[in-house]
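Take the sequence shown: its letters are residues -42 to -1, 1 to 845, numbered as in mature numbering (1 follows the signal peptide of the UniProt record, and there is no 0). Everything on this sheet refers to the single structure shown next.
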Amino acid sequence: MAVRWGRGGGRARLGLRPSAAPSRLAVISLVLLLLFAPHSAASKSAVSKTRVKVLQMRALDLTSPKAMVTAFYSGVNASLWAHNHADEEGVYVEVVRREAKMTEFSTVLEEVMQKEKSIVALLTQFGDTYLKAVLPVLSRFDLVSFAPFTGSSAVRGWNPNVYFVRANPVAELLALLRYAVTQLRVLRLGFMYLQGGFFGDNEYEQAQRVMSEMGYTFCGVFSVTLLLSGDTNPNEFGAAWERFAATRPQAVIVFGSPIPDTAKFVRNMLTDDRTAGAYLLAPSAVQSIVVEAWRAAVADGVKFVPGQVVTTGTNPLAKDMQYLAIWRFQRVMQDYLANSGQKDYNDTDHFLKHDTEGELMVDGWITGELLVQALSNRKWVSDRKSFMASLLNQRRYVVDDLVFGDYGGECKGAAASQGAICNCNEGGHTVYMKQFVKDYRAEAVKEGFMTFQLSDCQHQEEHLPPVLSAVEFVMTDSAVAQTALAELEAGYLLEYTNRKTSWREGVVNLSPVISTLGNARNALLSEMQSRRVHGVAGVVTEAVLDVETVAFFDPLQLEPRLNRFRRHVIHLSPTLEQQFFVLAKYLGNTSVRSAHAVIRGEEAAAVADVLRRSLVTFGGSLRSPTLLAGGAALAGHLPAKGVVFVAGLASGDVAAIAKHVASHSGVRVFVAFSEFALLYAEFVAAFAGGTGADRVVFAMSLPHWNDTNSTSETTQKFISILTNATQRTPLSLAGFAAVRLLQTVLSRMHKVTAGLMVDFFYRNTAVTVNDMLYGSFANGTACDADDGVGCGKNYGATLISVWSLARALDPAVPVLFPAVTPLIRYTEPAAHGLKLQQLIGIIVGVAILVTIIVVVVAVVVHLRRDSRNNANAPKEPTDPVTLVFTD
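Next comes the structure, spelled out in structure tokens:
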């Protein structure tokens, strides 16, 4: 029975052949059922798909583990199966499958291509040697090898017949190098490769170049030559191992081929006492063999150390749910394993329970997704030449939230200079990282995640960006120090996480060092014996600052300390001297002429003296200061009125200040900014009602951390990233600003050492980051003021303004005194109210006058000392004579 549409009487009618008349009712019923059938059923019958053939050739003698190969191809098949059965227009990918040994691989490929004229691509070829073998065949048939699974850079490079989807092994190498330098911070990094094969030779040259540019070298290199048989000489292997193990590496990058000799090296690493504790860092191509060798060694009695093996990958783990693509992958994979009829797996959650296989399934699934997108236009798949040309026509692919590309072919004219991608057949530019923990489960290492610029195709000329390896102390015996670290770290991480995923940007890495206040110096020295340390940030002690082989960036002490010039200590926040000087200048512009002081700390007397000198410089004076011992209470020592400087605050003192200010309306309390910042939460809690907040005063150089209407670019960036207002504190903003400064410094450096970092500040004098200016810094010797010849200056805070606590609580409250950058020059008091400089001037003037008088008298006496000598008498009788009569 045939069905046709006719038209009669101005209406559409169903026309039937005469022979079908008896079945009219049945036909009408069938049409109505089709019209009102569920949408999914109707759409399946109506979907039109373009049928496209691709060839998938598997190697019969592949050295890679079978589970690895099966998992990868299962991912590819899951993607294609899902799209082929989807209720959508597009392509139906028909996979022609063949198998062959290495010796027959190119021959079989050629035979297939001669018979199957409609095949447009060779899909997911597995193995470097197999790809290299078929390259001549690809060009003869205008065939493209789409998404080959290879592990070395030897088969990479521009070739329009090869279309790489996975990240280049060089990118994986660079990510491993950066992780070793940035996160592990090892002093002794080794490298392993095998000469004469596909793996390692090119990568070692690249690694050596990158390390040299950073000023580093490998502590040892393990390398032996592969024989024609694919093995190594046992004697050569043993001798090379002894030389390598003697260097005692702390971490080793393993770039051997996935063959038994690489497994042997891994076993040696784990069983030799000289190397047993070292990290094993490996690219994805040898991940399986490294993990299996590790398993075997542990089974034989080697201690299992979680996280000892770290590997890179070219896609997320199958369980990494932070990616939208993984959500879809899991649905597709479970559907495929349950309903496709596949025979390889019995568990639909296999990819969630076996991380290495799951990762490879994701890899294969992504390949399938990209292939479907590449085949989506009918014009592109009309023939092999058209398809190959379309692949290189400035292509970029997006799989949910994963990006691949850009691909580009031969460029004409000025296309390259205007941004076109030329001669690029590689689209993977993201490297992922994981470590293996309990039960050999893979765990994503977010610090190892790295994205390269899409415009960088081969990554052959990449340089490792500068890395500043710094530490911060976790003081276990000080709650104040721990709170300060948490707030500073919040600011550090804001800037770090906002920039770290780009390959070309320098990295400021801050690692914790567990210590107590009394043992901090020893803890630092111990850390420096095993890890690379360029600098220290955060809370420190006075003893720690004496370690001159590292740089200190804006160190924060728990009690007030005077600054002295130490070249390796760089202060970014106002020093105590700067704060006192600005506060004294502020008071000098008021009617206040004297102040009280209550000071607690080891340097209390010296601190009081600097405060006195600051006040005197601006016409004020300091009444006899109260110097407290370490455990003495603050309450009872505060005056009932006037200005009092309080330094050396301890936990609980803030409540005492709040109570005193509330009950004495005539008193104003001046505190150090560092102590306000350290005890910020206590200040906020104690003055939450606002009473007396306008009479607590401090000086600072930061913009307001919570001002949503701020014109400061630093504050704007800070608030835009840290959206939770309760987490914004003076210390978190200080940490944010400090790391932004260090990032700026790194952007102008190629190599990083503690000395070079310090040199930068003294060589460049001043540094600007948006609205924050630091400097000028000056190399020299320790002086007590800024105006001495040859005096050093290791502090750089500028634009220091005077705030009340009321402004800290409410940014709408104006500052008490506008920002100034003080040049510290003290004047000293002397007798009768004269300042020391004035007295010295008078004394010098009198001395000069007396000297002049003495000289004049001496000259006169000299000229008249022989006045009675007859030789001076007149010679002529008519010459006048002066007579002097005496008694």
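Backbone N, C-alpha and C define an ideal beta-carbon position, used for all residues, glycine too.
Using three-state DSSP, classify residue i as helix, strand or coil.
{"i": "V128", "result": "helix"}
{"i": "D397", "result": "helix"}
{"i": "P(-21)", "result": "Here the model assigns P(-21) a pLDDT of 40, short of 50, so the residue's position is not dependable and the matter cannot be decided."}
{"i": "I615", "result": "helix"}
{"i": "Q208", "result": "coil"}
{"i": "T649", "result": "coil"}
{"i": "T87", "result": "helix"}
{"i": "L821", "result": "For L821, the pLDDT reaches just 46, beneath the cut-off of 50, and the residue's location in the model is therefore unreliable, although a value from the coordinates is still provided. It is helical."}
{"i": "L704", "result": "helix"}
{"i": "L134", "result": "helix"}
{"i": "S(-3)", "result": "With a pLDDT of only 36 at S(-3), under the threshold of 50, the placement of this residue in the model should not be trusted, and no figure is reported."}
{"i": "W39", "result": "helix"}
{"i": "K311", "result": "helix"}
{"i": "W199", "result": "helix"}
{"i": "L(-27)", "result": "With a pLDDT of only 32 at L(-27), under the threshold of 50, the placement of this residue in the model should not be trusted; the figure read from the coordinates follows. Coil, per DSSP."}
{"i": "L328", "result": "helix"}
{"i": "D230", "result": "coil"}
{"i": "L514", "result": "strand"}
{"i": "A4", "result": "Low confidence applies to A4: its pLDDT is 46, below 50, so where it sits in the model is not reliable, and the reading given next is rough at best. Helix at A4."}
Check this for me: beta carbons of residue i and residue j, under 8 Å apart or not?
{"i": "P583", "j": "A564", "result": "no"}
{"i": "V429", "j": "V491", "result": "yes"}
{"i": "G754", "j": "F523", "result": "no"}
{"i": "L132", "j": "E420", "result": "yes"}
{"i": "V78", "j": "R489", "result": "no"}
{"i": "S110", "j": "D86", "result": "yes"}
{"i": "V357", "j": "A402", "result": "no"}
{"i": "F719", "j": "I528", "result": "yes"}
{"i": "A475", "j": "V494", "result": "Per the sequence shown, the amino acid found at residue 475 is Leu instead of Ala. Not a contact, by the Cβ cut-off of 8 Å."}
{"i": "V113", "j": "K90", "result": "yes"}
{"i": "G366", "j": "A378", "result": "yes"}
{"i": "V466", "j": "A129", "result": "no"}
{"i": "V621", "j": "S579", "result": "One detail in the question is off: residue 621 reads as Ser in this sequence, not Val. Taking 8 Å as the Cβ cut-off, S621 and S579 do not qualify as a contacting pair."}
{"i": "P532", "j": "M730", "result": "no"}
{"i": "T190", "j": "L152", "result": "yes"}
{"i": "E535", "j": "N521", "result": "yes"}
{"i": "A243", "j": "P127", "result": "yes"}
{"i": "S651", "j": "L767", "result": "According to the sequence displayed, residue 651 carries Ala and not Ser. Cβ distance < 8 Å, so A651 and L767 count as in contact."}
Considering only residues of the same chain and omitting the five flanking positions on each side of residue i, which have a CB-CB separation below 7 Å?
{"i": "A777", "result": "L757, I758 and S759"}
{"i": "T687", "result": "E445, Y638 and W663"}
{"i": "T229", "result": "A255 and V260"}
{"i": "K392", "result": "T269, G271, L275, A400, E401, A402 and V403"}
{"i": "Y88", "result": "A17, M60 and F63"}
{"i": "D278", "result": "I284 and A402"}
Near residue i, which residues of its chain fall below 8 Å by C-beta distance, leaving aside the five closest residues on each side in sequence?
{"i": "Q674", "result": "S668"}
{"i": "T548", "result": "none"}
{"i": "G386", "result": "F122, V123, R124, A125, N126, A129, T272 and F362"}
{"i": "F539", "result": "S572, T575, P780 and I782"}
So what does residue i bridge to, in DSSP terms?
{"i": "F223", "result": "Beta-bridge pairing links F223 to no other residue."}
{"i": "N467", "result": "S427"}
{"i": "V53", "result": "V12"}
{"i": "T785", "result": "DSSP, once it has assigned bridges, lists no residue as partnering T785."}
{"i": "Y390", "result": "G271"}
{"i": "Q376", "result": "Partner(s): none; Q376 has no beta bridge."}
{"i": "K751", "result": "A736"}
{"i": "Q416", "result": "Beta-bridge pairing links Q416 to no other residue."}
Return yes when the C-beta of residue i is under 7 Å from any heavy atom of the ligand GTP, and no when it is not.
{"i": "A591", "result": "Ligands in the displayed structure: none, and consequently the ligand GTP is not present."}
Please go through the same chain and pick out, in chain order, the residues whose beta-carbon is closer than 6 Å to the beta-carbon of residue i, but skip the five residues on each side of it.
{"i": "A614", "result": "L592 and A593"}
{"i": "F202", "result": "G178 and F180"}
{"i": "L81", "result": "V12, Q14 and F104"}
{"i": "L699", "result": "V727"}
{"i": "P835", "result": "Summary for P835: the model assigns pLDDT 47, below 50, so the residue's position carries little reliability; its value from the coordinates is reported in the next sentence. Nothing meets the Cβ criterion."}
Is there contact here, the segment 338 to 353 with the segment 307 to 316, by at least three beta-carbon pairs under 8 Å?
no
Under 8 Å: do the segment 259 to 267 and the segment 283 to 295 share three or more Cβ pairs, one atom per stretch?
no
Inter-stretch contact at 8 Å, needing at least 3 Cβ pairs: the segment 106 to 114 / the segment 355 to 370:
no
Say whether the segment 405 to 424 touches the segment 677 to 693, bearing in mind that this needs 3 or more beta-carbon pairs closer than 8 Å, one atom from each stretch.
no
Kindly confirm or deny that the segment 40 to 49 and the segment 117 to 126 touch, where touching means at least three C-beta pairs closer than 8 Å.
no
Three-pair Cβ contact test at 8 Å for the segment 18 to 30 versus the segment 91 to 101:
no
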